[in-house]
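S.K.: Reminder that position 182 of the sequence shown reads as 230 in my numbering, one-by-one numbering, no gaps. Heads up, the beta-carbon is just placed ideally off N, CA and C, and yes, glycines get one too. Just so you know, these numbers come straight off a predicted model, no measurement behind them. Mind looking over this structure? Questions follow.
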Amino acid sequence: MRTFLIIGMGTFGHHLCKEILEQKAEVMVVDNDEACLEDVLHLGVSAKIADCTNKEALESFDIPSFDCCFVCLGGNFQSSLQATDLLKELGAKKIYSKAESDIQAKFLSRAGADYIIYPEQEVAKRIAVSEHSDKIFDFIKLGDDFSIYEIEVNDKWVGKTVMQVNVRANYNLNIIGTKKDEIVRPMPGPDYKFTKKERLLVIGRAKDVERVIK
């Protein structure tokens, strides 16, 4: 079973903890405020009250034993920076650090963060993209160029099979699933026929998705 360390139990830390636990993983949560830990204790997590800018405190957690460490401290960037730096020094396998700006991200990366989390920025981006068109229902950014989009089926595709439309060759998109009545069916085969009132989960570039939904 994979094990995770979450430092900082603010709003984002709480959501992250609950989502990881749903994946049947082990979680240790740490905060210097006991009150921030109380409402997750019933979930079966291991909880510690500690100042994670203190090297001795972090050393006691056996940092290399965790598959991944998350620094979710809010409001005090100096503490985030120190905790990230100490995790790296103590042999953390993988570090995610929460940032609120590009300059914070730059310093956290230099301190040893392998990945930067932008919760507010990511939510803002998803809302902006989905509200840009009434044919885009959700959006998950994968990198600079590619994202996963939940889109409406193009009217011209209805009644045709995946093979007939040849989405990959004609539109530079890869279909990874279909969704109807909130049920997701992964990887439709070449003989799958598109129907009305269903949505598609596709991976591709924004410009190619725009071409399809227009």
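Whole-angstrom Cβ separation of L134 and K154, contact assumed at under 8 angstroms?
M.R.: Contact between L134 and K154 is absent: CB atoms are separated by about 19 angstroms, not below the 8 angstroms threshold.
S.K.: Indicate the three-state DSSP secondary structure (helix, strand or coil) for P236 in the structure shown.
M.R.: In the structure shown, P236 falls within a coil segment according to DSSP collapsed to helix, strand and coil.
S.K.: Which residue or residues does DSSP assign as beta-bridge partners of I165?
M.R.: K146
S.K.: For the segment 74 to 129, which segments carrying the beta strand (DSSP E) assignment without a break, of at least 3 residues, lie completely within its bounds, in sequence order?
M.R.: 74 to 79, 94 to 97 and 116 to 119
S.K.: May I ask you to report which of helix, strand or coil DSSP gives S195?
M.R.: strand
S.K.: Cβ of I184 within 8 angstroms of Cβ of S195?
M.R.: Result no, Cβ atoms of I184 and S195 do not sit closer than 8 angstroms.
S.K.: Please return the same chain residues whose Cβ sits closer than 7 angstroms to the Cβ of N202, not counting the five positions on each side in sequence.
M.R.: V260
S.K.: Could you work out which residue in E67, F52 and E70 is closest to V78 when comparing CA atoms only?
M.R.: F52
S.K.: Measuring only the C-alpha atoms, how far is I143 from K241?
M.R.: 43 angstroms
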